[in-house]
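Mapping of the sequence shown onto mature numbering (1 follows the signal peptide of the UniProt record, and there is no 0): residues -23 to -1, 1 to 418, in sequence order.
Even glycine gets a Cβ: it sits at the ideal position worked out from N, Cα and C.
Quick notes on the structure that follows.
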Amino acid sequence: MKSRLVFLLLLGVFLSSGWTALAQPPVREQLVYSLTSFNGSTYSKSFAPQSEDTIYLIANTNNIVNPRKTIVYYWPITRRYMAGFSTLNEAVPGKLEILQGGKVIATLEEQKYVLYYPEGYFSEKTIMYLNEEADAAHERYKKAMDEFNAKLKEYYEAMRKYREDLNKFFEEVRRRREAGETGPLDIPIPKEPSPPEFVNFYVSEPATGFVVNLPPGHYEIRVRLEDGTILEGSEKKLVVFTSRRKGGIGYEIIPGNRWTKRENCDDPSWIIHAVGKNELYFNPFTQEEYNELYHNKLQDPQNIGRIERWKWVHVDPVKDATLLFGRGKEVLKTVTRAPYFVKQIPGPELGYEIVDYDEDLKKRGYKPTFESYKVILGPELPKVDYTIQTVASENQMPLPKSERTIRLLRKAYSMYLYPLAFLPLAVGAGIVIARRARIET
């Protein structure tokens, strides 16, 4: 009995240690390509591990392709290879060669670049500047930040003086009231200073990389080292593609009760369904249609997609416009673009609330979380179909393919849907019971 217990304990230790070892993903040093790729409106960062033999880029745009030695490990939960650039990010000396049809058509050297975000780090558009323009853009940003920090220092000093003056004001009021003065007191009230506005654009730190800008086509890339040899493992295929068609308006929709769960409505045939009271925030974009596989792998070479399918990609936000909400040919409301602020609800709920961005928030130093066209679908609206459409502000002409249908659904008979959902299970259970009863008899 005692020997069996010892055996079971040893077996448990062996199995637990074995599973622990299996759970730890293997880590190895690997040559990868670090990518900063233009995705149609902004730049996305990713990397191409050795497991991916092809890199995808949009044609006629600047993209950064950097060979790097880093730590790579496989993460089974996401079924992806992960890179530990924070642990190892070693540059590979040499030049990047681009081949087509087996012939070298370009040999690239590293260039300096920055990413310019015209409306702050979370801008919907991003611009890449190279070399002298990169230095100039970063210098403008540094100068703007230095000016902001100087104004911020002045603001803190002004706030300190304001608090002192405010304390003196209350002390003087108290002293004169205690002295017997009644009625209004002729004492100037200290004015609270306003904080400086934060820099409304952002420029990344200058970096260097190989700038790839090619027409559509199929290419190969490789790294030629300083000694003239080809770096082993650096050869990859390169697919450079463009959109199939342009035009039309797509919408990003932000639900008022789930502002982080944004949804897209990119095709005029798609219908927006809503139940009960809803606050929907619409952001119209111009859009372009790309191959699904190519664009998915552009954003991350480990993504999947279908080469026979196409997807709409939002390109430029439409700002100088008006949104019309109507029923049939009747316009019920004209909606203009406005700023909004998302604040966290205090307490155990840990939710969020979208409020209008007002002067009070501005004085307190907050910036708008987003700008959008707000449409309120109240419970008083008849449960029929409505439409939204974007029109240009300058001439009130509808933008092409911008009309969408909003369908309000009834909740009155929704309870009957639950029994219908369980009907197949009930039928299946009845068949099983009947068969068992037949077998037993």
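Inset, instruction - Confirm, please, whether the CB-CB distance from Tyr90 to Val188 is below 8 Å. - result: Position 211 of the sequence shown, counted from the start, is the residue given in the question as residue 188. Position 113 of the sequence shown, counted from the start, is the residue given in the question as residue 90. Yes, the Cβ-Cβ distance between Val188 and Tyr90 is below 8 Å.
Inset, instruction - Look at the alpha carbon of Val290 and the alpha carbon of Leu92, and state the distance between them as a whole number of angstroms. - result: The residue given as residue 290 occupies position 313 in the sequence shown. The residue given as residue 92 occupies position 115 in the sequence shown. Taking the straight line joining both Cα atoms gives about 21 Å.
Legend entry - CB contact flag (Val308, Thr299, <8 Å): Within the sequence shown, residue 308 is the residue found at index 331, counting from 1. Within the sequence shown, residue 299 is the residue found at index 322, counting from 1. Going by C-beta atoms, Val308 is not nearer than 8 Å to Thr299.
Inset, instruction - Determine the extent of the alpha helix (DSSP H) in which Leu129 is found, giving its start and end residues. - result: On the sequence shown, residue 129 is found 152 positions in, with the first residue counted as 1. Start and end: Asn108 to Glu155.
Inset, instruction - Taking Asp337 as part of the alpha helix (DSSP H), name the residues at either end of that continuous run. - result: Indexing the sequence shown from 1 puts residue 337 at position 360. Looking at the DSSP string, the run of the alpha helix (DSSP H) that includes Asp337 is Glu336 to Lys340.
Inset, instruction - Reducing DSSP to helix, strand and coil, say where Ala184 ends up. - result: Here residue 184 corresponds to residue number 207 of the sequence shown, with the count starting at 1. It is a strand residue.
Inset, instruction - Assuming Glu197 and Leu215 form a contact by the criterion Cβ under 8 Å, report the distance between their Cβ atoms to the nearest whole angstrom. - result: Here residue 197 corresponds to residue number 220 of the sequence shown, with the count starting at 1. Here residue 215 corresponds to residue number 238 of the sequence shown, with the count starting at 1. Yes, they are in contact, since the Cβ atoms of Glu197 and Leu215 sit about 6 Å apart, within 8 Å.
Inset, instruction - To the nearest angstrom, report how far apart Ser14 and Val361 are at their CA atoms. - result: The count along the sequence shown starts at 1 and reaches residue 14 at position 37. The count along the sequence shown starts at 1 and reaches residue 361 at position 384. The alpha-carbon atoms of Ser14 and Val361 are separated by roughly 44 Å.
Legend entry - Span of the alpha helix (DSSP H) around Asn273: Here residue 273 refers to the residue found at position 296 of the sequence shown. Residues Glu269 to Gln276.
Legend entry - Cβ-Cβ distance between Pro232 and Lys238 below 8 Å: To locate residue 232, count along the sequence shown from 1; it is residue 255. To locate residue 238, count along the sequence shown from 1; it is residue 261. For Pro232 and Lys238, yes; Cβs fall inside 8 Å.
Legend entry - Complete runs of the alpha helix (DSSP H) confined to the stretch 203 to 276 [at least 4 residues]: 269 to 276
Legend entry - Local conformation of Val69 per DSSP, three classes: Here the question's residue 69 lines up with position 92 in the sequence shown. Coil, per DSSP.
Inset, instruction - Please check the pair Gln27 and Gly210, which I expect to be a contact at CB under 8 Å, by giving their CB distance rounded to whole angstroms. - result: Taking the first residue of the sequence shown as position 1, residue 27 is located at position 50. Taking the first residue of the sequence shown as position 1, residue 210 is located at position 233. With a Cβ gap of about 6 Å, Gln27 and Gly210 count as contacting.
Legend entry - Residue burial classification, Tyr133 (beta-carbon count within 10 angstroms, cutoff 16): Within the sequence shown, residue 133 is the residue found at index 156, counting from 1. It is exposed - the Cβ of Tyr133 has fewer than 16 other Cβ atoms within 10 Å.
Inset, instruction - State the start and end residues of the unbroken beta strand (DSSP E) segment that holds Phe15. - result: As a position in the sequence shown, residue 15 is number 38, starting the count at 1. It spans Val4 to Phe15 - the beta strand (DSSP E) in which Phe15 sits, taken as one unbroken run.
Inset, instruction - Counting only the same chain and skipping the five closest in sequence on each side, list residues whose C-beta sits under 8 Å from that of Ser349. - result: Taking the first residue of the sequence shown as 1, we reach residue 349 at position 372. Within the same chain, Ser349 has close Cβ partners Ile231, Tyr258, Phe259, Asn260, Arg314, Ala315 and Tyr317.
Inset, instruction - May I have the straight-line CA-CA distance separating Lys119 from Tyr10, to the nearest angstrom? - result: Position 142 of the sequence shown, counting from 1, holds the residue named residue 119. Position 33 of the sequence shown, counting from 1, holds the residue named residue 10. Spanning the two alpha carbons is a distance of roughly 30 Å.
Inset, instruction - Could you say which of Ala121, Met374 and Ile353 lies nearest to Ile383 if we only look at CA atoms? - result: Position 406 of the sequence shown holds residue 383. Taking only the C-alpha atoms, the option nearest Ile383 is Ile353.
Inset, instruction - Run the CB neighbour count on Arg199, radius 10 Å, all protein chains shown included, and call it buried at 16 or more, exposed below. - result: In the sequence shown, the residue the question calls residue 199 occupies position 222. Looking at its Cβ environment, which holds 16 or more other Cβ atoms inside 10 Å, Arg199 is buried.
Inset, instruction - Return the chain-ordered list of same chain residues with a C-beta closer than 6 Å to the C-beta of residue 430, the five sequence neighbours on each side being excluded. - result: Residue 430 is absent from the model: the chain starts at -23 and stops at 418.
Inset, instruction - Classify residue 421 as helix, strand or coil using the three-state DSSP reduction. - result: Since the first and last residues shown for the chain are -23 and 418, residue 421 lies out of range.
Legend entry - Nearest to Tyr139 (by Cα), restricted to the options Ala113, Glu169, Tyr271 and Gly160: Position 162 of the sequence shown, counting from 1, holds the residue named residue 139. The shortest C-alpha separation from Tyr139 is found at Glu169.
Legend entry - Runs of alpha helix (DSSP H) wholly within the stretch 307 to 387 (minimum 4 residues, chain order): 336 to 340
Inset, instruction - Determine which residues share a DSSP beta bridge with Gln77 and list them. - result: Walking along the sequence shown from the start, residue 77 turns up at place 100. DSSP, once it has assigned bridges, lists Lys80 as partnering Gln77.
Inset, instruction - Identify, in the order they occur along the chain, each residue of the same chain with its Cβ nearer than 7 Å to the Cβ of Phe125, setting aside the five sequence neighbours on each side. - result: Against the sequence shown, residue 125 aligns to sequence position 148. Here the set comprises Pro173, Phe175 and Val176.
Inset, instruction - Taking only the alpha-carbon atoms, compute the straight-line gap between Glu203 and Gly71 and give it to the nearest angstrom. - result: Numbered from its first residue, the sequence shown carries residue 203 at position 226. Numbered from its first residue, the sequence shown carries residue 71 at position 94. Glu203 and Gly71: Cα-Cα distance of roughly 5 Å.
Inset, instruction - Let me know the secondary structure DSSP gives Ala(-1) once reduced to three states. - result: Here residue -1 refers to the residue found at position 23 when the sequence shown is read from its first residue. Here the model assigns Ala(-1) a pLDDT of 49, short of 50, so the residue's position is not dependable and the matter cannot be decided.
Inset, instruction - Go through its chain and collect everything with a Cβ distance to Val368's Cβ below 7 Å, but skip five positions before and after it. - result: Walking along the sequence shown from the start, residue 368 turns up at place 391. Only Ala298, Thr299, Leu301, Met374, Pro375 and Leu376 meet the Cβ criterion.
Legend entry - Spatially closest choice to residue 426 from Gln321, Tyr363, Glu109 and Arg286, by CA coordinates: The structure shown does not extend to residue 426, since the chain is modelled only from -23 to 418, so the question has no answer here.
Legend entry - Span of the beta strand (DSSP E) around Ser23: One-based indexing of the sequence shown puts residue 23 at position 46. From DSSP, the beta strand (DSSP E) with Ser23 extends over Tyr20 to Ala25.
Legend entry - Spatial distance of Ile284 from Lys344 (CA atoms): As a working note, residue 284 is residue 307 in the sequence shown. As a working note, residue 344 is residue 367 in the sequence shown. Straight-line Cα distance between these residues: approximately 41 Å.
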